[in-house]
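Start counting the sequence shown at 511; every next residue gets the next number (the numbering used here).
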Amino acid sequence: MTVSHHGARHVAIIMDGNGRWAKKRLLPRLAGHKAGVEAVRNIVRAAGDLGIEAMTLYAFSSENWKRPEEEVSDLMGLMKRFILSDLDEFAANDVKLKVIGNWRALAPDVVALIDNAIERTAGNKRTTLAVALNYGAQDELVRAATAAAAAGEITVEAIEANLDTADMPPLDLLIRTSGEVRLSNFLLWQSAYAELYFTDKLWPDFKPADLKAALDQFARRDRRYGGL
Ligand code: FPP
Numbered sequence: 511m512t513v514s515h516h517g518a519r520h521v522a523i524i525m526d527g528n529g530r531w532a533k534k535r536l537l538p539r540l541a542g543h544k545a546g547v548e549a550v551r552n553i554v555r556a557a558g559d560l561g562i563e564a565m566t567l568y569a570f571s572s573e574n575w576k577r578p579e580e581e582v583s584d585l586m587g588l589m590k591r592f593i594l595s596d597l598d599e600f601a602a603n604d605v606k607l608k609v610i611g612n613w614r615a616l617a618p619d620v621v622a623l624i625d626n627a628i629e630r631t632a633g634n635k636r637t638t639l640a641v642a643l644n645y646g647a648q649d650e651l652v653r654a655a656t657a658a659a660a661a662g663e664i665t666v667e668a669i670e671a672n673l674d675t676a677d678m679p680p681l682d683l684l685i686r687t688s689g690e691v692r693l694s695n696f697l698l699w700q701s702a703y704a705e706l707y708f709t710d711k712l713w714p715d716f717k718p719a720d721l722k723a724a725l726d727q728f729a730r731r732d733r734r735y736g737g738l
C-alpha cells in the first residue's frame, strides 16, 4: 500500500561516503561502493512503499572521471551488475528505469545494457528510478539551452522542457549523505525550490528509516516559493 503523508513526489540523493565507510573498516574502496549498491537497493524498495513517485540518484558525475582508472572501471562494473541483477526486481516492484546525463557517451556495452533495461521497464508505473550517469548539471543546462535556442526561444519553460528530467515531477527534496554540504553540480536548475537535507550518515549506512526521517522533516517544512 502507498502511504504518502509527506507530499514529496520527487526525491534526489547525492550518495556520498562510500570511500570513508570502507576506510573505517580497513576495506578497499570497492567494498564501500558494493555496500553502496546494497543501500541503493534498499532505498529504491522503500521509495515505492513510501509513495515517492520519482527518485534520482547521483551514481557517476562528469567529474568522477578524475578518479583512478581502476575505481572508474569498478564503478562501471557495479553499475552493469546492478542493472543486470535487479531488472527482474524492477519488474516485480513496478519500477521504471531512467538514466540522465551524457550516458550515451559511455562504453557501448554499458549503453546497450541501459537501452535494454529502459525498454524492459518502460511500462512500469509506480516509481521512476532515474540514475545520473556521466551527469553534470552545467552540461545538462548547456544542452537544454542549446536545444531551446535551436527551437527559437530561450525561456524558463523552454529550458525546463529540454532538461533530462523534463518528464519527471518537480524536485521536492534533495538529500546528501556523509556530512558534505554542497550540490557538486547535481540538479542545479531543479534545486531552485527543492528542500535540502544533509545528514552525517555515510551512504552505505543510510537506511529506509533515514529516508523516512528526511521525509518527515520535509513534511514539516513551510515551502513558500518566494511568496509569503
Ligand atoms: C560517493 O562515495 C559515491 C560515488 C562516487 C558513487 C556512488 C555509486 C554507488 C552508490 C554505486 C553504484 C550506484 C548505483 C545506482 C547502482 P565516495 O567514493 O565519494 O566516498 P568518499 O567521499 O567517502 O571517498
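Glycine included, every Cβ here is placed at the ideal spot set by N, Cα and C.
In whole angstroms, what separates the C-alpha of P540 from that of I593?
Taking the sequence shown and counting its residues from 1, the one referred to as residue 540 is at position 30. Taking the sequence shown and counting its residues from 1, the one referred to as residue 593 is at position 83. In the sequence as displayed, the identity of residue 540 is Leu instead of Pro. Whole-angstrom Cα-Cα distance: 17 Å.
Let me know if G517 comes out buried or exposed under the rule of 16 or more other beta-carbons within 10 Å of its beta-carbon.
To locate residue 517, count along the sequence shown from 1; it is residue 7. Looking at its Cβ environment, which holds fewer than 16 other Cβ atoms inside 10 Å, G517 is exposed.
State whether the segment 645-658 contacts the segment 524-533, with contact taken as three or more CB pairs (one from each stretch) at a distance under 8 Å.
no
With hydrogens ignored, establish whether the beta-carbon of H543 is closer than 6 Å to any heavy atom of ligand 1.
Here residue 543 refers to the residue found at position 33 of the sequence shown. Checking the Cβ of H543 against ligand 1 gives yes.
Please name the residue in R730, L725, R734 and L721 whose C-alpha comes closest to that of M525.
Here residue 525 refers to the residue found at position 15 of the sequence shown. The shortest C-alpha separation from M525 is found at L721.
What's the call for P714, buried or exposed, on a 16-neighbour Cβ count within 10 Å?
On the sequence shown, residue 714 is found 204 positions in, with the first residue counted as 1. Buried: at least 16 other Cβ atoms inside 10 Å.
As a quick exercise: from E579, G662 and T656, pick the residue whose alpha carbon is nearest that of L673.
Taking the first residue of the sequence shown as position 1, residue 673 is located at position 163. Comparing Cα positions, the closest option is T656.
Quick one: what does DSSP say R551 is sitting in, helix, strand or coil?
Counting from 1 along the sequence shown, the entry for residue 551 is found at position 41. Three-state DSSP puts R551 in a helix.
Identify, in the order they occur along the chain, each residue of the same chain with its Cβ nearer than 6 Å to the Cβ of L698, setting aside the five sequence neighbours on each side.
Indexing the sequence shown from 1 puts residue 698 at position 188. Here the set comprises A647.
Which of the three DSSP states, helix, strand or coil, is assigned to R483?
Any property of residue 483 remains undetermined from this structure, which presents the chain solely from 511 to 738.
Check whether the Cβ atoms of A668 and A676 lie closer than 7 Å to each other.
Locating residue 668 in the sequence shown gives position 158, counting from the first residue. Locating residue 676 in the sequence shown gives position 166, counting from the first residue. No, these two residues do not count as a Cβ contact at 7 Å.
What are the residues that DSSP puts in a beta bridge with T638?
By one-based count along the sequence shown, residue 638 stands at place 128. Bridge partners of T638: A564 and K606.
Taking DSSP's pairing of strands, which residues face I628 in a bridge?
Numbered from 1 along the sequence shown, position 118 holds the residue referred to as residue 628. DSSP, once it has assigned bridges, lists no residue as partnering I628.
Would you report the Cα separation of A729 and H515, rounded to the nearest angstrom?
Walking along the sequence shown from the start, residue 729 turns up at place 219. Walking along the sequence shown from the start, residue 515 turns up at place 5. Cα to Cα, A729 sits roughly 8 Å from H515.
Specify whether the segment 624-632 and the segment 700-716 touch according to this definition: at least 3 beta carbon pairs, one from each stretch, less than 8 Å apart.
In short, these stretches do not touch, since the Cβ pair count stays below three.
Over what stretch of residues does the beta strand (DSSP E) that includes L706 continue unbroken?
In the sequence shown, residue 706 corresponds to position 196, counting from 1. Residues E705 to F708.
Looking only at its own chain, which residues have a Cβ that is under 6 Å from the Cβ of T638, when we skip the five neighbours before and after it?
Counting from one through the sequence shown, the residue named residue 638 turns up at place 128. For T638, where only same-chain residues beyond five positions count, the Cβ hits under 6 Å are A564, K606 and K608.
Compute the minimum distance between the beta carbon of A569 and the heavy atoms of ligand 1, and state whether it is under 6 Å.
The residue given as residue 569 occupies position 59 in the sequence shown. Within the cutoff, so yes.
How many angstroms separate the CA atom of D596 from the CA atom of D604?
Taking the sequence shown and counting its residues from 1, the one referred to as residue 596 is at position 86. Taking the sequence shown and counting its residues from 1, the one referred to as residue 604 is at position 94. Spanning the two alpha carbons is a distance of roughly 12 Å.
Give the DSSP-derived three-state secondary structure of S571 in the structure shown.
As a position in the sequence shown, residue 571 is number 61, starting the count at 1. Residue state, collapsed to three classes: strand.
Enumerate in chain order the residues of its own chain whose CB-to-CB distance from V691 is below 8 Å, with the five nearest sequence positions on each side excluded.
Translated into the one-based positions of the sequence shown, residue 691 becomes position 181. Only F708 meet the Cβ criterion.
Would you say the beta carbon of M525 is closer than 6 Å to some non-hydrogen atom of ligand 1?
Stepping through the sequence shown from its first residue, residue 525 is reached at position 15. It does: the Cβ of M525 is within 6 Å (strictly closer) of some heavy atom of ligand 1.
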